[in-house]
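Protein sequence lines, in the order shown, are assigned to chains A and B. The letter at position 341 of the first sequence is residue 331 when you use this note's numbering, and the numbering goes up by one with no holes. The letter at position 122 of the second sequence is residue 103 when you use this note's numbering, and the numbering goes up by one with no holes. Beta carbons are placed, not taken as given, at the ideal position from N, Cα and C, and that holds for glycine. Comments concern the structure below.
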Amino acid sequence: MNSPDQPVRTEQMEIDASAKWPGLALFGSALFWLLLGGTLQLIAAIQLHTPTFLAECAWFTHGRLTPAAQNALVYGWGINAALGFGLWLMARLSATTLRHGGWLLIAIKFWNTGVALGVLGILGGYSTSFELLEMPRFVTLILLVSYAMMGVWAVTTFSIRNTENVFASQWYLFGAAFWFPWLYAIAQLMLFKAPVRGVLQPVVNAWYVHGLYGLWFVPMALAAAYYFLPKILGKPIANYYLAPLAFWWLVIVTALAGGSRLIGAPVPVWIPTLGTVANFLLVVPVVIIGLNLFGTFSGRYSALAGSVTLRFILLSAIAFIFASVLNLAFSFRGFVEIAQFTLLSELRDWFVLYACFSSAMFGAAYFILPRLTSGAWRFPSLVKLHLGATLVGVALLTVGLGVGGWQQGHLLTTAGVAFGEITQAMTFWFTLRTAGFAVLLFGHLAFVINFMGLLCPLCTCCKKSTADLGQESSAEGHA
Amino acid sequence: MKNGLKLFLGVFAALALSWVGLLLTAHQQIGRLGQFKDPVDEMLHPQPLSGLAVQGSLVYQDLGCVSCHTQQVRRDGFGADLGRKWGQRGSYARDYIRDSVVLIGQSRLGPDLRNAGNLDLHPYADADYFYRLLYAPQSVAPGTNMPAHAFLFEVHALAGRQPSTQAIKVPGKFGPGAGYEVVPTNRAHSLVAYLQSLKDTYDYPVERSRNASAEKPKEGGH
């Protein structure tokens, strides 16, 4: 895979060329949603400490903005970016080109139309209020069909592979490509088409939410880590023979862990108990994946200086471990009693979606996009700005949501403290949360400007300087 | 791993296992939970919501109240829900079969609402209270960060007329001023009817053992 001889290089360039337009369309739309979702998220965050902000208009009331932002980030940014990265990687690892990209472009258009209608529907008052399934029912079919048309590319590309071995990243990509539509279709069926009764609805919802984070976003982040680490460091994954064990263990147990979100809820107690047991069992695959990833890193941290991708991937790998620890913490009754329903439970999901998944996608994008466009990043300072903003934002939000959530939980479990006092005590943390989202949005803006620069046709006039940068960055990749 | 078919079957089995093991099994267990007939007065519990309250639940859904409010009371000994007067007992699965859409929530930026309309717990929570809470939250809950839902109300100039019988009384600095009246829209009416309907007052003899006392004999029983 890493041999720098000429035939392989040409093949890679062919693959990159075949993935160019679908990849750019997916990353382009992903970035649009990243900015829009981030803006909505920021407005919603401001409303927590300044409740009069945009409260006059029903479209921007806090209860609608929050799910609209989350849906834009999950379905707009998350799925688009994951597919942009996933389809390219699947083609690379299967050593075959991405064929009939035109159809893919149509599916991408439909997907984004569906997400746009869904987000507008939420803001316009058609929300279903089920977590991550808030989009009105009329977009379900558009999303499912257009996803099927995109996801099938991962499967067909895999099935016409020209390689003997199937690499770890491919397992995760292949699995995720199947799990998302199944989770989504079953959740839609059991909540809207033929709704189950009573508290089974929250059970289905928890199963879906946990599945979406654990069987779509985490596998995508891991696929990126398993691919880019050996690629950029130029050495194989450490203890690779354990990776299949970790894969199967992780996915089977994660699928069963959804009930852990319902500790203390009015559901049969075996449901949260099963989830708790599953979360404890997750320790083994997380340790193995940690050995795989950090074992590969070990002794090569100096390589971080030369590669932005590697730095984002390191952040993602650390976030994966931290998110797993947090997930485990949410299995202890004493911890849950305090942390449940607070900013800490927001941190749990946000960490998977942002620190773990989104960082991996940023890292992947810095590697992939110049190869798709045969260009180079025009503003290296903006790359640094983006990385810095991500680090600062993640730190601010981890502290804000973590410490703030812990304090909120303590106040909530002290019956003597009036509710208004809790809100007042939380004002500082709400403000810190806003600052965190603002810093992240700032970083995204830097990234988008750089992305535009990459696409800009005026590039020819500054070709000389970019050519130098391009050499440098491609050397990094094929080392 | 080299075999694509094996990979596919494994991927399929992983999700199928959790679907059958978690969702179908739970459905088998409590999917047909019905109303309970009180042996003494022969009333069925939980009682269904009124038509207006059902409409209100749709408003509750579309405004996304669930973003900040839960509707689940944790049992005694797990959190301070009972101490905060969010309920007289922990919630049971049976409480929820009256709701066509069950939103137990995942965030408590605002208080729990499962017993928002329970006058035994909150004697002040009459319709007027909820209207004022929705129109100007600060007027009844000082220090709150709940956003005002003024768009659920209409403000009319009185121009010498009598105010509407439905106009709500908003204290001075929160209202639109003299010469104006604040009238709830139909959406506000139904939402308040829904909030007032939120109460789990009946304690099911068959479920009681699942609640508070479960902690003493063995932990995590049932």
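Using CA coordinates, which residue listed in the options is at the minimum distance from residue i?
| i | options | result |
| --- | --- | --- |
| Arg301 of chain A | A:Thr380, A:Trp78, A:Ala7 and A:Ser117 | A:Thr380 |
| Thr147 of chain A | A:Leu38, A:Arg89 and A:Leu134 | A:Arg89 |
| Gly13 of chain A | A:Gly394, A:Ala354, A:Ala405 and A:Ser371 | A:Ala354 |
| Ile149 of chain B | B:Gly141, B:Ala140 and B:Leu133 | B:Leu133 |
| Thr146 of chain B | B:Gly153, B:Asp109, B:Asp43 and B:Ser120 | B:Asp109 |
| Leu202 of chain A | A:Phe310, A:Ala428, A:Val189 and A:Ala177 | A:Ala177 |
| Val187 of chain B | B:Pro29, B:Ser31, B:Gly124 and B:Phe17 | B:Phe17 |
| Gln119 of chain B | A:Gly204, A:Phe409, A:Arg423 and A:Phe437 | A:Phe409 |
| Asn(-16) of chain B | A:Ile328, A:Thr153 and A:Met210 | A:Thr153 |
| Asn167 of chain B | B:Val40, B:Leu4, B:Phe(-11) and B:Val21 | B:Val40 |
| Glu336 of chain A | B:Pro27, B:Gly32, B:Arg89 and B:Leu5 | B:Arg89 |
| Ala245 of chain A | A:Tyr230, A:Gly254 and A:Gly265 | A:Gly265 |
| Gly32 of chain B | B:Arg79, B:Val21, B:Gly45 and B:Cys46 | B:Arg79 |
| Ala236 of chain A | A:Lys221, A:Phe168, A:Tyr162 and A:Arg361 | A:Tyr162 |
| Gln191 of chain A | B:Leu3, B:Ala(-5) and B:Ser190 | B:Leu3 |
| Ser159 of chain A | A:Phe43, A:Arg361, A:Ser84 and A:Val389 | A:Ser84 |
| Tyr137 of chain A | A:Ile279, A:Ser117 and A:Asn102 | A:Asn102 |
| Leu63 of chain B | A:Phe437, A:Gly406, A:Thr413 and A:Phe75 | A:Gly406 |
| Gly392 of chain A | A:Thr42, A:Phe341 and A:His52 | A:Phe341 |
| Val277 of chain A | A:Phe287, A:Lys10, A:Leu232 and A:Leu122 | A:Leu232 |
| Met351 of chain A | A:Arg368, A:Thr363, A:Leu372 and A:Leu377 | A:Leu377 |
| Met24 of chain B | B:Pro128, B:Asp184 and B:Arg189 | B:Asp184 |
| Ser306 of chain A | A:Leu318, A:Phe322, A:Ser292 and A:Phe287 | A:Phe287 |
Give every residue of the same chain whose Cβ lies closer than 7 Å to the Cβ of residue i, excluding the five residues on either side of it in the sequence, and list them in chain order.
| i | result |
| --- | --- |
| Ser72 of chain B | Gln53, Val54, Arg95 and Asp181 |
| Pro165 of chain B | Tyr112, Leu133, Phe134, Gln147 and Ile149 |
| Val151 of chain B | Arg113, Tyr116, Ala117, Ser120 and Val163 |
| Lys(-13) of chain B | none |
Who does residue i pair with in a DSSP beta bridge?
| i | result |
| --- | --- |
| Pro165 of chain B | B:Phe134 |
| Lys221 of chain A | In the DSSP output, where bridge partners are listed per residue, Lys221 of chain A has none listed. |
| Leu25 of chain B | B:Lys18 |
| Ile149 of chain B | B:Val163 |
Would residue i pass as a contact of residue j if the rule is Cβ separation under 7 Å?
| i | j | result |
| --- | --- | --- |
| Gly27 of chain A | Ala59 of chain A | yes |
| Cys346 of chain A | Ala385 of chain A | no |
| Gly104 of chain A | Ile69 of chain A | no |
| Tyr175 of chain B | Ser48 of chain B | no |
| Pro157 of chain B | Val136 of chain B | yes |
| Met125 of chain A | Asn195 of chain A | no |
| Gln10 of chain B | Pro258 of chain A | yes |
| Ile112 of chain A | Pro171 of chain A | no |
| Arg290 of chain A | Leu223 of chain A | yes |
| Ser119 of chain A | Leu100 of chain B | no |
| Leu431 of chain A | Leu32 of chain A | yes |
| Phe420 of chain A | Leu38 of chain A | yes |
| Leu402 of chain A | Gly426 of chain A | no |
| Asn282 of chain A | Ile328 of chain A | no |
I'd like the list of long-range same chain contacts for residue i, defined as Cβ closer than 6 Å, with 5 residues on each side in sequence excluded.
| i | result |
| --- | --- |
| Gln177 of chain B | Gly98 |
| Ala(-3) of chain B | none |
| Phe218 of chain A | Thr299 and Ile303 |
| Met3 of chain A | none |
| Phe182 of chain A | Arg127 |
| Leu24 of chain A | Trp67 and His434 |
| Gly394 of chain A | Leu333 and Trp419 |
| Gly324 of chain A | none |
| Ala213 of chain A | Ser159, Tyr162 and Leu163 |
Closer than 8 Å by beta-carbon distance: list the chain B residues that pair up with residue i, in chain order.
| i | result |
| --- | --- |
| Gly395 of chain A | Correct list: empty, because the minimum Cβ distance to chain B is about 11 Å. |
Please list, in chain order, the chain B residues whose beta carbon lies closer than 9 Å to that of residue i.
| i | result |
| --- | --- |
| Phe164 of chain A | Gly(-15), Leu(-12), Phe(-11) and Val(-8) |
| Gln191 of chain A | Tyr77, Asp80, Val82, Val83, Leu84 and Ile85 |
| Gln178 of chain A | Chain B residues near Gln178 of chain A: none, gap ~13 Å exceeds 9 Å. |
Keeping to the same chain, check which residues put their C-beta closer than 8 Å to that of residue i; ignore five residues upstream and five downstream.
| i | result |
| --- | --- |
| Arg65 of chain B | Pro92 and Asp93 |
| Leu(-10) of chain B | none |
| Ala48 of chain A | Arg54 and Gly115 |
| Val326 of chain A | Ile253, Gly254 and Phe320 |
Using a Cβ-Cβ cut-off of 7 Å, state whether residue i counts as contacting chain C.
| i | result |
| --- | --- |
| Trp49 of chain A | Within the model displayed, chain C is absent; protein chains A and B are what it includes. |
Name the chain A residues whose beta carbon is nearer than 9 Å to that of residue i?
| i | result |
| --- | --- |
| Tyr105 of chain B | Going along chain A, no residue has its Cβ under 9 Å from Tyr105 of chain B, so there is no contact; the nearest lies around 14 Å. |
| Gln177 of chain B | The contacting residues do not exist; Gln177 of chain B stays about 19 Å from chain A at best. |
Under 7 Å Cβ-Cβ, which residues of chain B neighbour residue i?
| i | result |
| --- | --- |
| Gln414 of chain A | Gly124 |
| Ser117 of chain A | Gln42, Asp43 and Gly45 |
How would you list, in chain order, the residues of chain A whose beta-carbon sits under 8 Å from the beta-carbon of residue i?
| i | result |
| --- | --- |
| Tyr73 of chain B | Pro256 |
| Ile149 of chain B | By Cβ distance, chain A contributes nothing, its closest Cβ being about 18 Å from Ile149 of chain B, past 8 Å. |
| Phe59 of chain B | Gly254, Arg323 and Glu327 |
| Phe132 of chain B | Glu46, Cys47, Ala48 and Thr51 |
Just to make sure I have the definition right: I need the residues of chain A whose C-beta is within less than 7 Å of the C-beta of residue i. Which are they?
| i | result |
| --- | --- |
| Gly2 of chain B | Leu246 |
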